[in-house]
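Residue numbers (full-length UniProt numbering): 1 to 97.
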């Protein structure tokens, strides 16, 4: 099993290659929008989602509150309270960073 750092590095490597291609596609289709800076990068958000799917939790809210905010706070120091995380992630603000 991968460590958290190894998982994050794999996800971040993927994002470093994928995001420029994705943004180019959005530019070509006139769909690129400005986004304010996110507190968590797309790589961090994706890492949390992968960890959730690898966990025993059935609901993301419980995973985020009971596991991320308690045990992974040092690894994700810019993580927000669940409500702010959810609103921020769903609004698409985390797409760029």
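Ideal placement from N, C-alpha and C gives every residue a C-beta, glycine not left out.
Separation of the CB atoms of residue 11 and residue 43 is rounded to 5 Å, and the pair is thereby assigned contact status at 8 Å. In the three-state reduction of the DSSP assignment, residue 49 falls in the helix class. Around the beta-carbon of residue 63, 16 or more other beta-carbon atoms lie within 10 Å, marking it buried. DSSP places residue 26 in the helix class (H, G or I) of the three-state scheme.
Per the Cβ contact rule, the region 54 to 61 is not in contact with the region 20 to 32 (fewer than 3 Cβ pairs under 8 Å).
Counting along the chain, no alpha helix (DSSP H) covers residue 37, and no H or E run does either.
In the structure shown, residue 2 adopts coil according to DSSP, grouped into three states. If you check the CB distance, residue 31 and residue 75 do not come in under 7 Å.
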